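Novice: For the sequence shown, this note's numbering assigns the number 344 to the initial residue and increments by one for each residue that follows.
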Amino acid sequence: MNAPIIDPLQGDFPEVIEEFLEHGVMKCIAFNRRGTLLAAGCSDGNCVIWDFETRGIAKELKDKDCVSAITSVCWSKYGHQILVSAADRSLTLWNVLKGEKVNRITLQQTPLQARLHPGSSNPSLCLACPLSSAPMIVDLKTGSTTLLPVCISDADTASSRGKVSDGTPPFTPTAACFNKYGDLVYVGNSKGEILVIDYERVQIEAMVPISGGAVVKNIVFSRNGQYLLTNSNDRTIRIYESLLPNKDGLKVIDEITKEFDGLDGAEKLKAVGTKCLTLFREFQDSITRMHWKAPCFSGDGEWVVGGSASKGEHKIYIWDRAGYLVKILEGPKEALIDLGWHPVHPIVVSVSLTGLIYIWAKDYTENWSAFAPDFKELEENEEYVEREDEFDLNPETEKVKEPDVNEDEEVDIVNVEKDSAFSDSDASQDELCFLPAIPCPDIIEQQDKCIEISSKMIENNNSGSPPSEEAGVNGRTTNHASSPLEVLDNPDDAGGARVKRKRKPSEKGLELQAEKGKKPSKPSGRLSKFKTKSMVHQDNSNGTYGDDNSDE
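1) Just to confirm, is the Cβ distance from K534 to C494 under 8 Å?
2) Please state whether the Cβ-Cβ distance between V539 and C619 is less than 8 Å.
3) For the beta strand (DSSP E) that M399 lies in, which residues bound it at each end?
4) Please go through the same chain and pick out, in chain order, the residues whose beta-carbon is closer than 7 Å to the beta-carbon of P461, but skip the five residues on each side of it.
5) Going by Cα to Cα distance, which pick from K636, I661, A518 and G642 is closest to A652?
6) Where does the unbroken alpha helix (DSSP H) through K601 begin, and where does it stop?
7) DSSP three-state label for V691, please.
8) Give the secondary structure of K613 by DSSP, where H, G and I count as helix, E and B as strand, and everything else as coil.
9) Exposed or buried, what is K441 when buried is set at 16 or more other beta-carbons lying within 10 Å of its beta-carbon?
10) Considering just the uninterrupted stretch of the beta strand (DSSP E) at Y529, what are its terminal residues?
11) By a C-beta neighbour count over all protein chains shown, 10 Å radius and 16 as the cutoff for buried, is E536 buried or exposed?
12) Take the Cβ of T489 as the centre, count every other Cβ of all protein chains shown within 10 Å, and call the residue buried at 16 or more, exposed below.
13) Nearest to T414 by alpha carbon, out of N589, R376, K654 and I680?
14) When the distance is taken between beta carbons, is I580 closer than 8 Å to N574?
15) Assign P357 to buried or exposed, taking buried as 16 or more other Cβ atoms, counted over all protein chains shown, within 10 Å of its Cβ.
16) To the nearest angstrom, how far is the alpha carbon of A412 from that of A614?
17) Please state whether the Cβ-Cβ distance between M550 and L470 is less than 8 Å.
18) Considering A429, what are the terminal residues of the beta strand (DSSP E) in which it resides?
19) Does the segment 590–597 touch the segment 554–565, meaning 3 or more C-beta pairs lie closer than 8 Å?
20) Could you pull out every unbroken beta strand (DSSP E) segment of at least 3 residues lying fully inside the segment 539–563, listed in chain order?
21) Determine the DSSP secondary structure at G608, reduced to helix, strand or coil.
22) Would you report the Cα separation of W437 and T631, rounded to the nearest angstrom?
23) How would you label V585, buried or exposed, when you count the other beta carbons within 10 angstroms and need 16 or more for buried?
24) For a quick check, are the C-beta atoms of G592 and L491 less than 8 Å apart?
25) When you compare only the Cα positions, how much space is there between G422 and C776?
26) Please tell me whether V647 and R664 are closer than 8 Å, where the distance is taken between their beta carbons.
27) Could you give the residue range of the beta strand (DSSP E) that holds A704?
28) So what does L468 bridge to, in DSSP terms?
29) Would you call the CB atoms of F374 and G698 closer than 8 Å?
30) Go ahead and pull the three-state DSSP assignment for S475.
31) By the three-class DSSP mapping on this structure, what secondary structure does T631 have?
32) Report all residues from its chain with a CB closer than 6 Å to the CB of E673; omit the five preceding and five following residues, and keep chain order.
33) Check whether the Cβ of E729 lies closer than 8 Å to any Cβ atom in chain B.
34) Let me confirm a value: T621 is counted as buried when at least 16 other C-beta atoms fall within 10 Å, else exposed. Which label applies?
35) From the DSSP secondary-structure annotation, give me the bridge partner or partners of Y570.
36) Determine the direct distance from the alpha carbon of K402 to that of I392, and round the result to whole angstroms.
Structure below.
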């Protein structure tokens with residue numbers, strides 16, 4: 344779409360369903376950094392990669408060892424690898440270009456979500472959030488796991504939650520995510536707290552309490568790393584502004600901690616937390632008080648989107664960062680299970696309970712008045728009377744404006760300007776944006792078979808070839824005038840098809856057919872004359888002569 348003719352007053356958010364993608368039953372989605380590829384996890388354990396430019400399947404990662412549903416998919420920073428977590432408690436790292444498994448490990452609990460380390464081009468560490476266990480750092484090469492703390496002290500957890508027979512406290516599903524460069528992990532626990540954790544030292548560095556103390560279901564950073572989003576069980580989405588720098592945030596926390604050496608325990612962690620995060624906005628539906636599903640930021644962080652968790656409805660709410668609800672997208676009567684915003688364009692992709700992916704895009708309206716300030720759009724044709732001197736050229740009165748462009752200035756056609764959305768990209772790294780297309784062999788349809796067979800039958804009928812002797816012996820005749828729909832597909836027969844069989848005629852019927860063949864019907868008309876001449880010529884070639892009284 345041309346930018347000059349787009350109305351600048353239109354909001355940069357999607358409005359209508361542009362298309363839908365269908366392949367099996369898809370459960371979860373994830374874009375690569377550029378938004379050119381879309382990965383979708385299916386219920387049969389496979390992972391489908393869509394080319395988002397052509398909306399076709401670029402590759403399908405089939406795991407023979409996994410037949411359970413995929414719970415999450417995650418791209419590496421430069422798109423060369425994909426991490427897939429499944430309901431069979433497995434974590435599988437794939438090489439996207441080759442379509443081969445790099446590593447596969449099995450956890451003790453089902454991972455609801457898994458995220459690769461964002462600071463490495465070839466990550467071996469990932470953050471997994473199991474169903475009934477604390478979040479853990481998993482080394483995909485060695486298979487070792489490191490549990491992260493989910494509360495300030497184990498004593499508090501033991502006294503408030505109680506312990507089960509194996510000595511480990513029961514957990515509700517806990518949300519966690521890396522920050523932009525992966526040096527810190529932010530954990531939202533069931534007590535309504537956000538914990539800032541140094542996963543290398545397995546130590547809580549700061550704690551930010553959430554008003555109401557509701558369970559945190561989702562936690563995610565914006566693309567630029569400046570804002571943190573939480574989705575709590577009190578039906579409220581909260582946006583926090585990060586006060587730490589994207590890089591070397593751990594060093595800054597260590598300096599802040601020294602300022603509060605006079606405090607101990609939870610008070611010290613809360614004091615440090617006030618220097619890490621500050622509450623920015625809260626979003627909720629005060630009328631329906633609905634729960635939210637898969638909330639996230641837009642690619643530029645200007646919009647916040649969340650799906651309705653109500654059964655039987657596919658509604659998507661869009662807010663701006665100021666807290667105003669700007670759009671409600673209403674889809675089909677299917678529950679929404681996952682949601683994602685395109686990294687670059689105003690496009691939202693949602694997954695329904697039936698396994699379809701819906702693509703929501705903007706309905707652009709063109710504003711042609713951008714070409715000229717006095718341009719007027721007409722709803723219908725109008726008669727215009729031209730002035731006599733309207734299009735006369737007066738070179739004396741008109742002054743030609745000289746361009747302000749320096750023609751001697753060299754134009755740089757080699758270097759590429761960096762996009763602000765990908766400012767953290769390393770030019771030395773080869774990023775995988777597209778996958779080569781692999782053509783699939785065409786499958787011969789049944790209709791094509793029928794047309795081919797029927798054409799052969801018509802040719803045989805026109806050639807005047809008599810029925811075969813074998814058919815006469817077996818008492819079976821082939822109906823050359825039968826329609827293609829009577830042809831049945833049977834790979835066991837010769838030629839891959841067989842003709843619909845008919846009842847065997849009686850002996851009297853065979854005699855009548857023989858007499859009928861000896862006495863052909865009298866031809867008539869111009870076409871009959873042509874056939875009669877050809878028959879006479881054929882008899883002459885065989886040494887016999889036709890009837891002298893034949894119609895010439």
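Glycine included, every Cβ here is placed at the ideal spot set by N, Cα and C.
Just so we're clear, the structure is a prediction, and the values are computed from it rather than from any experiment.
Specialist: The short version:
1) Result yes, Cβ atoms of K534 and C494 sit closer than 8 Å.
2) Annotated as proximal: V539 and C619, with beta-carbon spacing under 8 Å.
3) Just to set this straight, residue 399 is Gly in the shown sequence, not Met. If you look at G399, you'll find it in the beta strand (DSSP E) that goes G399 to L404.
4) Excluding residues up to 5 positions away in sequence, K420, F521, K523, Y524 and G525 lie with their Cβ nearer than 7 Å to the Cβ of P461 in the same chain.
5) For the residues K636, I661, A518 and G642, the minimum Cα distance to A652 belongs to K636.
6) Element bounds for K601: G592 to E602.
7) V691 carries a strand assignment under DSSP once its states are collapsed to helix, strand and coil.
8) Residue state, collapsed to three classes: helix.
9) Exposed: under 16 other Cβ atoms inside 10 Å.
10) For Y529, the enclosing beta strand (DSSP E) starts and ends at V528 to G531.
11) E536 is buried by the Cβ-count criterion.
12) Exposed is the call here.
13) Proximity to T414 across N589, R376, K654 and I680 peaks at I680, based on C-alpha coordinates.
14) For N574 and I580, yes; Cβs fall inside 8 Å.
15) Within 10 angstroms of the beta-carbon of P357 lie 16 or more other beta-carbons, which makes it buried.
16) Near 43 Å, if we compare the C-alpha coordinates of A614 and A412.
17) Not closer than 8 Å, so no.
18) Q424 to A429 is the extent of the beta strand (DSSP E) around A429.
19) Two segments are said to touch when three or more pairs of C-beta atoms, one from each, lie closer than 8 Å; by this definition the segment 554–565 does not touch the segment 590–597.
20) As far as the segment 539–563 is concerned, its whole beta strand (DSSP E) runs of at least 3 residues are 546–552.
21) Helix.
22) Cα to Cα, the separation comes out at about 42 Å.
23) What sits at residue 585 in the sequence shown is Ser, not Val. It counts as buried.
24) Against a cut-off of 8 Å, the Cβ pair of L491 and G592 comes out as no contact.
25) Each residue's Cα considered, the two are about 7 Å apart.
26) When the beta-carbon positions are compared, V647 and R664 come within less than 8 Å of each other.
27) Its beta strand (DSSP E) spans residues I700 to A704.
28) In DSSP, L468 forms a bridge with D482.
29) By the CB criterion at 8 Å, F374 and G698 fall outside the cutoff.
30) Three-state result, S475: coil.
31) Of the three classes helix, strand and coil, the one that applies to T631 here is coil, per DSSP.
32) Only K658 meet the Cβ criterion.
33) Absent from the structure: chain B. Only one protein chain is present.
34) The Cβ neighbour count for T621, taken over all protein chains shown within 10 Å, is under 16; the residue is labelled exposed.
35) Paired residues: E584.
36) Approximately 5 Å between the Cα atoms of the pair.
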